[in-house]
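Student: I'd like to ask some things about the structure below.
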Amino acid sequence: MTTEAVLIVAAALFGIGVYGALSQQSFVMLMMGLELMINGAILALVVLWARSAGGNPQGQMLGVVFMTVMAVEMTIGFTLITGVYRVRRADITEKLRRLKG
Amino acid sequence: MRPYVGAELAILAIGGTLIVGVYLVAVLDRLLGAVVAGAPIRPFALVVDPARSAAQLLVQQRRTTERPDAPGWAFAPALFFGLGALALAMVPLGPNLVVADPATGFVVFSAAIAFVMIAVFLHGWSPNSPFALHGAYRYGAAALSFQIPFLLAMLATALPAQSLSIVDIVRAQETLWNVVREPLGLPIYLIVGVGVSFWGPLNLSDASDLAEGTSVEDSGIGRLLWKVARAGMLVAVAAMGAAGFLGGWWGPLLPGPVWVLVKTLVLLVMLIASGHLLARVRIESFVLVAWAILIPLALLNVFVSGATLL
Amino acid sequence: MIAGPIVDVAFWLFAIGSVVAGYRVFRTDSMVRAAFYLLASFTGVGGILVLLGAEFLGMVLILMMAGEMLVMAIVMVMFMMNPAGLNPMVMVHQNRIAAGAGIVAFVALAGVGLVGQFPDRPAPEPAAATAQLGTELLGDSMLVFQTAGVALLSTMIGAIAIAGRRGRYGVAEDGSVEPPLQPDEERAR
Chain H
1 MTTEAVLIVA
11 AALFGIGVYG
21 ALSQQSFVML
31 MMGLELMING
41 AILALVVLWA
51 RSAGGNPQGQ
61 MLGVVFMTVM
71 AVEMTIGFTL
81 ITGVYRVRRA
91 DITEKLRRLK
101 G
Chain R
1 MRPYVGAELA
11 ILAIGGTLIV
21 GVYLVAVLDR
31 LLGAVVAGAP
41 IRPFALVVDP
51 ARSAAQLLVQ
61 QRRTTERPDA
71 PGWAFAPALF
81 FGLGALALAM
91 VPLGPNLVVA
101 DPATGFVVFS
111 AAIAFVMIAV
121 FLHGWSPNSP
131 FALHGAYRYG
141 AAALSFQIPF
151 LLAMLATALP
161 AQSLSIVDIV
171 RAQETLWNVV
181 REPLGLPIYL
191 IVGVGVSFWG
201 PLNLSDASDL
211 AEGTSVEDSG
221 IGRLLWKVAR
231 AGMLVAVAAM
241 GAAGFLGGWW
251 GPLLPGPVWV
261 LVKTLVLLVM
271 LIASGHLLAR
281 VRIESFVLVA
291 WAILIPLALL
301 NVFVSGATLL
Chain X
1 MIAGPIVDVA
11 FWLFAIGSVV
21 AGYRVFRTDS
31 MVRAAFYLLA
41 SFTGVGGILV
51 LLGAEFLGMV
61 LILMMAGEML
71 VMAIVMVMFM
81 MNPAGLNPMV
91 MVHQNRIAAG
101 AGIVAFVALA
111 GVGLVGQFPD
121 RPAPEPAAAT
131 AQLGTELLGD
141 SMLVFQTAGV
151 ALLSTMIGAI
161 AIAGRRGRYG
171 VAEDGSVEPP
181 LQPDEERAR
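In structure tokens, the structure reads:
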């Protein structure tokens, strides 16, 4: 388990996430792409904390912040899905030609 | 890094405890049912009956549904059983007698409890059957509601120990058990514990009004495994309750491991008896109670136990 | 830091498992199955975090994701069309560009990982790391921790405000119609 190997895994997860976020039409699938990107970012962050930061606790702290970001992203995402569905009956991105409420 | 026991010993200990525990749950369930109903108690029949039902399920012909998600259906009981085993592995029998004691044992146990909802959802979703899916949704609603009070109730036990390790949590109860220090903790934990393995009054997902909910399409060994996994989770919840709230191995006269077993048994009897004494609640009222009453109570519990430690 | 051949084997199992599961997320018809694959991917990453010595972060990631995936599966079945994947269909747009962007991101980031020179200063034992994080949360980084808490609280309030059925101009779904997929139809209306 070298640092490089973990970083490559993190990059792979991030790349898959980019693909998903850009290619999926369904809102929820799009969010899954975003989640995978954050997932890769957390992995890269923690491996650098574990291997090259000398155990600076602020590295883990940043991980906690990332998880908060993830939770906020999910909440806002689900909220917008619910709101958009109520107003527009839309479940895929193509159905939202204008964003004005 | 604390030393862990060897893999063979761990499998033997947890597997043995789970098999004995599950059988005990089945016997106790029948015994308490007979006691509550006032029926005559026939000891031989009580002991043999679970084995007979298990054997019957083993030879039963299996049936299936139209286009089920076969891997998920097969995986769900195994996942549930594994989660029970994982939770049980965190429970210490003595200061140096524990299968695994990671520094974050509390979080590992909570993650196992949280994953139960994945197992139940998978089990209800995969057979491609309306009642089963309905049961899965019920469990989802219930589990998302009791997750937070559960975490808060368990969190309060970590405060006096100043550690997330279960061994440290038990060690901190030498002078005063958590059930006295935080009187609200154990009731909340037990309510949630009944809900986690959807037993008795909180049997919402496998309830008889849904024709057994998530397990409506199960048959043969699949049904047996699901029942075993449920009972195993009940044992794990009782054991962790004994460790987290009833002082684990601390107690006069008897040696530590015996105390753990006695306390686990007491909690197990309470959990099982609830199924025979209380009526099943409705999902709406339970969700309301969980969000509006249990969460504030659990927060109060954390606050009080934090304040007493200052 | 935990070390030994078992750790390497476990790491590769987790790594390959989580990458494959992550890929399967976008290659399955059923959305519930996609949520389960994503959960598997997250569990793998959580396992790698534990192997790296960040026990608390790894376990909390796994704990958090279980709830999130359940919510995700429920939202999908509530709002999305064809959530069960009974009729196979491809719901992607700009597939080539997206795949290209994904590959470029992977190559660039993996390149950074391979080329970059990282100092070799390992972190302390997992037990010590967990305790350190606790002290940091309520010590030097208390402001960050509190800010995260306030951010979550405001998210909750905002979420309820946006998703509530009673909108600013009356009941939200009043007069809502499904938009057409062709832009011409919308203009004609």
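If you're matching them up, the sequences are chains H, R and X in order. Per our numbering, the very first residue in the first sequence carries number 1; after that it's consecutive. Per our numbering, the very first residue in the second sequence carries number 1; after that it's consecutive. Per our numbering, the very first residue in the third sequence carries number 1; after that it's consecutive. Idealized CB from N, CA, C, for every residue including glycine.
1) Could one say the Cβ of P102 (chain R) lies closer than 8 angstroms to chain X's Cβ atoms, at least one of them?
2) Any beta carbon of chain H sitting closer than 8 angstroms to that of L13 (chain X)?
3) Given a cut-off of 8 angstroms on the beta-carbon distance, is the pair G135 (chain R) and D206 (chain R) in contact?
4) Flag R121 (chain X) as yes if its beta-carbon sits less than 8 angstroms from any beta-carbon of chain H, otherwise no.
5) From the beta carbon of I6 (chain X), is the nearest beta carbon of chain R less than 8 angstroms away?
6) Where does M142 (chain X) land, buried or exposed, given buried means 16+ other C-beta within 10 angstroms?
7) If I'm right that V18 (chain H) touches A101 (chain X) with Cβ under 8 angstroms, what's the distance once you round it to whole angstroms?
8) Examine the Cβ distances between the region 213 to 230 of chain R and the region 70 to 79 of chain R and report whether three or more of them are shorter than 8 angstroms.
9) G94 (chain R) and P257 (chain R) - do their beta-carbons sit closer together than 8 angstroms?
10) What is the rounded straight-line gap between the Cα of E174 (chain R) and the Cα of V167 (chain R)?
11) Note the first and the last residue of the continuous alpha helix (DSSP H) segment covering I92 (chain H).
12) Is L97 (chain R) helix, strand or coil when you go by DSSP?
13) Which residue's Cα is closest to the Cα of R33 (chain X): H:E35, H:L36, H:L34 and H:M29?
14) Is there at least one Cβ from chain H nearer than 8 angstroms to G47 (chain X)'s Cβ?
15) Report the partner residues of V92 (chain X) according to the DSSP bridge assignment.
16) Are G232 (chain R) and F81 (chain R) touching if we call contact CB-CB under 8 angstroms?
17) Distance cutoff 8 angstroms, beta carbons only. Does L36 (chain H) sit that close to anything in chain X?
18) What residues from the region 218 to 232 of chain R come within 9 angstroms of chain X, judged by C-beta to C-beta, listed N to C?
19) Please report how far the alpha carbon of G193 (chain R) lies from the alpha carbon of V107 (chain X), in whole angstroms.
20) Output yes if chain X places a C-beta closer than 8 angstroms to the C-beta of L22 (chain H); else output no.
21) Using a Cβ distance threshold of 8 angstroms, determine whether the region 281 to 295 of chain R contacts the region 49 to 58 of chain R, with at least three qualifying pairs required.
22) Going by the CB atoms, is the gap between F14 (chain H) and G40 (chain H) shorter than 8 angstroms?
23) Is any beta-carbon of chain X found at less than 8 angstroms from that of L13 (chain H)?
24) Tell me which residues of the region 44 to 58 of chain H have at least one Cβ-Cβ distance to chain X shorter than 7 angstroms, keeping chain order.
25) In whole angstroms, give me the CA-to-CA distance for R24 (chain X) and V104 (chain X).
26) Excluding the five sequence neighbours on either side, which residues of its own chain have a C-beta within less than 6 angstroms of the C-beta of R51 (chain H), listed in chain order?
27) Given that G22 (chain X) touches chain H, what residues does it touch there, using C-beta distances under 7 angstroms?
28) Mapping DSSP to helix, strand and coil, what is L18 (chain R)?
29) Please determine, among R:P68, R:L271 and R:G33, the residue with the shortest C-alpha to C-alpha distance to F198 (chain R).
30) Name, going along the chain, the residues of the region 42 to 68 of chain R whose beta-carbon falls closer than 9 angstroms to a beta-carbon of chain B.
31) Grab me the residues of E35 (chain H)'s own chain with a C-beta within less than 8 angstroms of its C-beta, minus the 5 sequence neighbours each way, in chain order.
32) Taking Cβ to Cβ, would you say L164 (chain R) is nearer than 8 angstroms to A119 (chain R)?
33) By DSSP, does I41 (chain R) sit in helix, in strand, or in coil?
34) Using the three-state DSSP reduction, which class does T104 (chain R) fall into: helix, strand or coil?
35) For chain R, check one thing: does any of its Cβ atoms lie closer than 8 angstroms to the Cβ of A66 (chain X)?
36) Looking only at its chain, what residues have a beta carbon closer than 8 angstroms to the beta carbon of F145 (chain X), apart from the 5 residues adjacent to it on each side?
Tutor: Per the coordinate set shown:
1) yes
2) no
3) yes
4) yes
5) no
6) exposed
7) 5 angstroms
8) yes
9) yes
10) 12 angstroms
11) It is not in any alpha helix (DSSP H) - I92 (chain H) carries neither H nor E in the DSSP assignment.
12) strand
13) H:M29
14) no
15) H:Q24
16) yes
17) yes
18) none
19) 48 angstroms
20) yes
21) no
22) yes
23) yes
24) V46, V47, L48, W49, A50, R51, S52, A53, G54, G55, P57 and Q58
25) 20 angstroms
26) T3
27) L13, I16 and L36
28) helix
29) R:L271
30) The displayed structure is made up of protein chains H, R and X, and chain B is not among them.
31) G17, M70, E73 and M74
32) no
33) coil
34) coil
35) yes
36) L137 and L138
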